[in-house]
Amino acid sequence: MPTWLVTGGAGFIGGNFVLQAAANGVRIVNLDALTYAGNLDTLSSLQGNAGHVFVHGDIGDRKLVDRLLAEHRPEAVVNFAAESHVDRSIDGPGEFIQTNVVGTLALLEASRDYWKALEGDAKEAFRFLHVSTDEVYGSLGETGKFVETTPYAPNSPYSASKAASDHLVRAFHHTYGLPVLTTNCSNNYGPYQFPEKLIPLVIAKAIAGEPLPIYGDGMNVRDWLYVGDHCAAIRAVLERGRVGETYNVGGDAERPNIEVVNTICALLDERRPRTDGEPRNSQITYVRDRPGHDRRYAIDASKLKSELGWSPAHSFEQGIADTVDWYLDNQPWVQRVLDGSYRLERIGSAT
Ligand code: NAD
1 MPTWLVTGGA
11 GFIGGNFVLQ
21 AAANGVRIVN
31 LDALTYAGNL
41 DTLSSLQGNA
51 GHVFVHGDIG
61 DRKLVDRLLA
71 EHRPEAVVNF
81 AAESHVDRSI
91 DGPGEFIQTN
101 VVGTLALLEA
111 SRDYWKALEG
121 DAKEAFRFLH
131 VSTDEVYGSL
141 GETGKFVETT
151 PYAPNSPYSA
161 SKAASDHLVR
171 AFHHTYGLPV
181 LTTNCSNNYG
191 PYQFPEKLIP
201 LVIAKAIAGE
211 PLPIYGDGMN
221 VRDWLYVGDH
231 CAAIRAVLER
241 GRVGETYNVG
251 GDAERPNIEV
261 VNTICALLDE
271 RRPRTDGEPR
281 NSQITYVRDR
291 PGHDRRYAID
301 ASKLKSELGW
311 SPAHSFEQGI
321 ADTVDWYLDN
331 QPWVQRVLDG
341 SYRLERIGSA
351 T
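Numbering (the UniProt record's numbering), first residue to last: 1 to 351.
Written out as structure tokens, the structure is:
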């Protein structure tokens with residue numbers, strides 16, 4: 001059974017990844033600082049599972065990371081830990097620099113020293129995989145897609161901090177030889193996403209009969225990928241990716257925000273019609289655009305597809321229907337986030 005040190009594994013994508021990896025027989029040491037975005041409810045099905053060790057701590061805590069590496073001897077470090085919400089980065093960039101840049105640097109240094117001391121097959125097999133975003137490439141015009149060689153041009157403090165971390169990861173490969181891999185993925189959606197991000201926010205507000213806020217004219221385009229498909233891509237890169245390479249991950253599912261919101265409204269109208277019979281898209285309200293709002297993202301994932309044989313298992317239509325159903329079926333998870341009680345859990349279960 002391989003052991004992987006996963007950081008940020010109580011968050012949205014990390015949580016899905018941990019659940020998927022644990023189901024596939026990987027032993028996970030899950031290091032998470034449990035910021036507002038960390039939610040142990042997501043991992044409740046792993047309680048009592050000896051293959052999952054949760055550790056409450058910061059990736060920037062060098063002593064702690066050194067201890068975890070020495071104690072658990074992982075074959076890989078997979079770094080999801082980050083501040084991830086663009087709007088929060090506009091209000092307060094400092095925490096983004098602290099975790100995404102300074103924290104990633106500490107994790108890299110600890111991983112480098114651990115890897116250097118390994119020998120033989122263990123040294124050969126070790127990988128550091130850094131999970132990043134397509135937002136580092138900036139904004140596209142009407143046409144074209146991001147490829148791995150697209151120059152970095154981040155426009156928000158969030159994407160700038162992720163770009164800096166990507167550069168550090170690259171530098172640790174070229175300078176110290178650390179066997180790194182980087183994935184740059186488009187917007188994810190699916191189960192366990194914190195309801196501040198577009199899709200879970202709209203589902204929660206649509207169900208509650210509240211206004212559905214859309215930035216600007218609603219025509220900002222994102223390339224949506226179902227989170228389970230992103231996790232499968234990370235696993236493929238970790239197991240078969242070429243060391244030192246970066247891989248773009250995307251779903252070939254470009255949609256303007258307004259279309260995403262209309263799709264969610266239509267799905268909810270079918271599954272749980274409003275008592276007054278009104279369509280839910282009547283709740284849409286346009287709000288002032290986010291500063292520096294990138295207009296369009298689109299990913300060319302052909303390198304990942306041709307080299308590693310990955311392709312997304314969910315079309316957008318299937319993924320979004322499954323996601324709406326998941327939120328309808330898991331209202332207690334959502335309620336505990338909305339009323340803040342998910343944060344009480346951490347007191348009891350953090351080690
Ligand atoms: P998230 O905000 O849901 O989760 C982040 C997790 O990291 C949380 O559990 C949080 O507690 C933890 N964390 C934060 N600071 C930490 C620290 N200093 N030490 C340890 N843990 C810490 O984020 P997400 O949406 O799951 O994104 C995960 C990763 O994937 C991020 O690196 C993000 O940049 C990247 N990414 C996200 C998307 C997306 O659409 N959500 C797309 C592409 C890439």
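Every residue, glycine too, gets a C-beta built ideally from N, C-alpha and C. Please read these numbers as outputs of a predicted model, since none were measured by experiment.
Only counting the same chain, and skipping five residues up and downstream in sequence, which positions put a Cβ closer than 6 Å to that of residue i?
i: Ser161; result: Phe96, Ile97, Asn100, Val101
i: Ala350; result: Any answer about Ala350 is weak, because its pLDDT of 43 lies below 50 and its placement is not dependable; what the coordinates show is given next. For Ala350, where only same-chain residues beyond five positions count, the Cβ hits under 6 Å are His56.
i: Tyr152; result: Val136, Ala163
i: Arg343; result: none
i: Gln335; result: none
Looking at residue j and residue i, is the spacing between their C-beta atoms short of 8 Å?
i: Cys265; j: Leu225; result: no
i: Ile13; j: Val227; result: yes
i: Asp134; j: Tyr297; result: yes
i: Phe126; j: Ala76; result: yes
i: Pro191; j: Thr323; result: yes
i: Leu267; j: Ala313; result: no
i: Pro291; j: Ile90; result: yes
i: Arg112; j: Leu178; result: yes
i: Gly144; j: Asn155; result: no
i: Ile234; j: Val261; result: no
i: Tyr286; j: Ile214; result: yes
i: Asp168; j: Leu108; result: Looking at the sequence shown, residue 168 is not Asp but Leu. For Leu168 and Leu108, yes; Cβs fall inside 8 Å.
Could you check which residue in the options has the C-alpha nearest to that of residue i?
i: Arg67; options: Asp252, Ala298, Ala110; result: Ala110
i: Leu118; options: Ala70, Arg271, Val136, Ala81; result: Ala70
i: Ala164; options: Ser139, Gly177, Tyr192, Val131; result: Val131
i: Met219; options: Leu64, Asp322, Ala33, Gly141; result: Gly141
i: Glu124; options: Val180, Leu108, Val78, Pro154; result: Val180
i: Ala171; options: Phe80, Thr104, Val237; result: Thr104
i: Thr150; options: Asp339, Ala253, Tyr342, Ile299; result: Ile299
i: Leu34; options: Gly251, Arg62, Ala82, Lys303; result: Ala82
i: Arg295; options: Arg222, Val78, Asp166; result: Arg222
Look up residue i in the DSSP assignment and give the residues it is bridged to.
i: Tyr286; result: Ile214
i: Arg127; result: Ala76
i: Cys185; result: Thr133, Val249
i: Phe146; result: Ile299
i: Phe316; result: Answer by DSSP bridge pairing: none, since Phe316 is not bridged.
i: Leu225; result: Asn188
i: Pro179; result: Beta-bridge pairing links Pro179 to no other residue.
For residue i, which residues of its own chain have a beta-carbon under 7 Å away from its beta-carbon, when the five flanking residues on both sides are left out?
i: Thr3; result: Arg27, Val29, His72, Arg73, Pro74, Glu75
i: Gly348; result: Here the model assigns Gly348 a pLDDT of 43, short of 50, so the residue's position is not dependable and the matter cannot be decided.
i: Gly309; result: none
Ignore the nearest five residues each way along the sequence and tell me which others in residue i's own chain have a CB closer than 8 Å to its CB.
i: Leu43; result: Gly9, Ala10, Gly15, Val18, Leu19, Asn30, His52, Phe54
i: Met1; result: Gly25, Val26, Arg27, Gly51
i: Phe80; result: Val6, Thr7, Gly8, Gly9, Gly11, Ile13, Gly14, Phe17, Val131
i: Ala106; result: Ile59, Gly60, Asp61, Arg62, Val65
i: Asp325; result: Arg271
message = Using a Cβ distance threshold of 8 Å, determine whether the stretch 206-217 contacts the stretch 234-253, with at least three qualifying pairs required.
response = Cβ pair count under 8 Å is below three, so no.
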